[in-house]
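Reading the sequence shown from the start, the letters are residues -19 to -1, 1 to 401 in mature numbering (1 follows the signal peptide of the UniProt record, and there is no 0).
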Amino acid sequence: MVKRLLLFILLSLITAIKSSHFNGGTITWKPVNNTDLTTPIQVSITQNYVWVLTGSSGIPCPGVGSLVVLGTRTGCCNATLDCISNCGTTSAGYVAPLIVPYCTSVSTTLSLTYSQRTDIVNLNSNDHFTAAFVANSGSYRALYGSGTRLWAVATDIDLRPRTDNGLINTPPISLVFIPTSIPLGKTTKIQVPYVDPDGDYVACRWSTGTECKDVCYPTNIPANTTVSNTDGCFITITPLSVSDWYCAPLQVEDFYTSTSSSSLSSVPVQFLINVYTMPTYTVPVMNSTDSACIGVQVGVQWSTTLDVYQAGGTLTSRSISTIDVQQTFTPGVTEGSIIQATTDHSLYTESLSWTPQQADVGPQIVCAVARDSSNIPSNTYCLSFVVASDSVGSCPGQPTTVTTTTTTSTTTTTTATTTT
């Protein structure tokens, strides 16, 4: 009996060490041609996932552009992006693409591997189903709350023509920086940036059931965390302990209007939140001079400069050491070096540049976070783009942006660019 118990404990430890590696991600899709209603209809599906970089359960990057190795290191996951709901006649044209993504970048500071893959699938007209990345044995990194952390990340694909214009709907695209860091002792309002190319009303909600499996709200996040949709998508959270890791499983959905009862599509945004001790000095602040939403053209380079302000920047203990960038497209932006201004030593800058490709046509998002030499993060700074082939893209709706983090004695607001 004792031997069996020891064997069970050993196997449990091996499984936990082997497979606690996932850090969240998104799945987005878009019709290649939203006016094409004839079978087969080409749909582009993009999967973005984040993994622990190092350790026995780590997912290393073999090189940017190379496939990451999942199964042999982690014992994880289903091999394909399978249909999980409304399968059959309404998904008859669907051949599930592979899960295994390509490495897009690494963050040695955060010890994370970022990955993405895009596949073109041929679907039948009027197909309508849910596809998901489901963990059968792999799990999230150690999270607050439940010890069981299998995940699912699910997207609703609907090719039925819209009733307002007869075209195929294009869902919103969304990105949240992983991980989003928040200070202990404050209530933080985290904005979830999104762009909807059709200009639809967009709202977010907690994922439920098969959309999130073992990490559904409130299993791995404080129960008083709330979602709101006034002037954008926000979650409001009060952390419980330093070094906690929370999982925020969300669905971002588009509707004809704010009073519509059924969504046109649903895309997942599943991200992690970690907690740090608020320093006694002012945290770094990042911004730029860019508009909230930027129209760009395929083959034409876009560039900008990120400005990071660090109070007391003349002190070496408070210098800006890293800037991490995440984006919804690959290959990603090109980053320059971090440069400290010669006159204003509290100012640091980094250049970003990007030449959009044909595969990038449509909405895209870039997010960045700076960290000082004490590993204290800045606000998350995000920019939204609309890419067009033959001209500069046109941003839908009225963009709204807030690019700084404001802190009071009780509340911190972490905000980003959103276009509605």
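For glycine and all other residues, C-beta sits at the position ideal for the given N, C-alpha and C. Model, not experiment: these values are computed from the prediction.
Per the Cβ contact rule, the region 150 to 165 is in contact with the region 245 to 263 (3 or more Cβ pairs under 8 Å).
Rounded to the nearest angstrom, the gap between the Cα atoms of S327 and D63 is 50 Å. P174 has its alpha-carbon roughly 12 Å from the corresponding atom of L231. If you ignore the 5 residues before and after C68, its C-beta comes within less than 7 Å of the C-beta of F110, all in its own chain and listed in chain order. Three or more Cβ pairs closer than 8 Å define a contact, and the region 301 to 311 meets that threshold against the region 341 to 355. Secondary structure of D181 (DSSP, three-state): coil. Annotated three-state conformation of S209 is strand, per DSSP. About 5 Å separates the beta carbon of H2 from that of V33, a gap short enough to meet the 8 Å contact definition.
G280 sits exposed, since fewer than 16 C-beta atoms from the chains shown fall within 10 Å of its C-beta. Annotation for G343: the continuous beta strand (DSSP E) segment containing it runs 343 to 353.
Under DSSP, V115 forms a beta bridge with A133. Of G39, S88, V134, the smallest CA-CA separation from I80 is found for V134. Between V102 and P78, the CB-CB gap stays under 8 Å.
Counting of Cβ neighbours within 10 angstroms places G6 among the buried residues, the total reaching 16 or more.
Each residue's CA atom was taken as its position, placing I22 and L104 some 5 Å apart.
With a beta-carbon spacing of about 37 Å, D305 and Y237 fall beyond the 8 Å limit used to define contacts. Remark: C-beta atoms of P265 and I163 do not approach each other more closely than 8 Å. Linking A273 to D137 through their CA atoms gives a straight-line distance of about 28 Å.
Annotation for A204: no beta strand (DSSP E) segment contains it, and DSSP assigns it neither H nor E.
Of the candidates S96, Y362, G126, D179, Y362 places its Cα closest to the Cα of S269. Remark: C-beta atoms of V157 and V250 approach each other more closely than 8 Å. Contact between the region 188 to 201 and the region 211 to 221 is absent: fewer than 3 CB-CB pairs across the two stretches fall below 8 Å.
Rounded to the nearest whole angstrom, the CA to CA distance from T85 to Y262 is 34 Å. The beta carbon of S92 lies closer than 7 Å to those of V33, L34, T35 in the same chain, with the five residues before and after it left out.
For G6, DSSP records a beta bridge to Y30, Q251. L287 is a Cβ neighbour of T330, given a cutoff of 8 Å.
Minimum Cα-Cα distance from P142 among the listed residues T9, T20, S370 corresponds to T20.
Within the same chain, Cβ atoms closer than 6 Å to the Cβ of R98 are found at Q28, P82, Y83, the five residues on either side in sequence being excluded. Rounded to whole angstroms, the gap between the alpha carbons of D17 and S372 is 21 Å. Within 10 angstroms of the beta-carbon of S96 lie 16 or more other beta-carbons, which makes it buried. A straight-line Cα-Cα distance of about 5 Å links V13 and V24. Taking a contact as a CB-CB distance under 8 Å, the pair S302 and S359 does not count as one, their CB atoms being some 12 Å apart. Beta-bridge partners of S162 (DSSP): N255.
In the structure shown, the three-state DSSP call for R299 is helix.
Residue state for A123 is assigned as coil, using DSSP reduced to three classes. A residue is called buried once 16 or more other Cβ atoms fall within 10 Å of its Cβ, and T240, having fewer, is exposed.
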